[in-house]
Amino acid sequence: PGSTIDVYTWNFGDGDSPKEVKGSSATTHDFLKAGTYAVSLKVTDSAGRTHTVTKAVTIS
Numbered sequence: 002p003g004s005t006i007d008v009y010t011w012n013f014g015d016g017d018s019p020k021e022v023k024g025s026s027a028t029t030h031d032f033l034k035a036g037t038y039a040v041s042l043k044v045t046d047s048a049g050r051t052h053t054v055t056k057a058v059t060i061s
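Note that the numbering used here gives residue 4 to position 3 of the sequence shown, counting from 1, and the numbers run on in steps of one.
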């Protein structure tokens, strides 16, 4: 309560470096080949707390 999300950190599970986005969760990413990837989003709030969600994403 009382805090806001400051940083969204995307990890697309394909070997690229994680991508930090400030102010919005929106981003884009190009996968170079088909496969199933574990895509993670970590949010960090203004109090320094974090939460991460990971989902399998299949690219064909």
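Cβ atoms here follow ideal geometry from the backbone N, Cα and C, with glycine treated the same way.
Supposed contact pair residue j and residue i - C-beta distance, whole angstroms, cut 8 Å
i	j	result
Ala39	Ala57	6 Å
Thr5	Asp46	6 Å
Host beta strand (DSSP E) of residue i (start-end)
i	result
Gly73	The question about residue 73 has no answer, for the chain in this structure spans 2 to 61.
His52	51-60
Thr10	6-12
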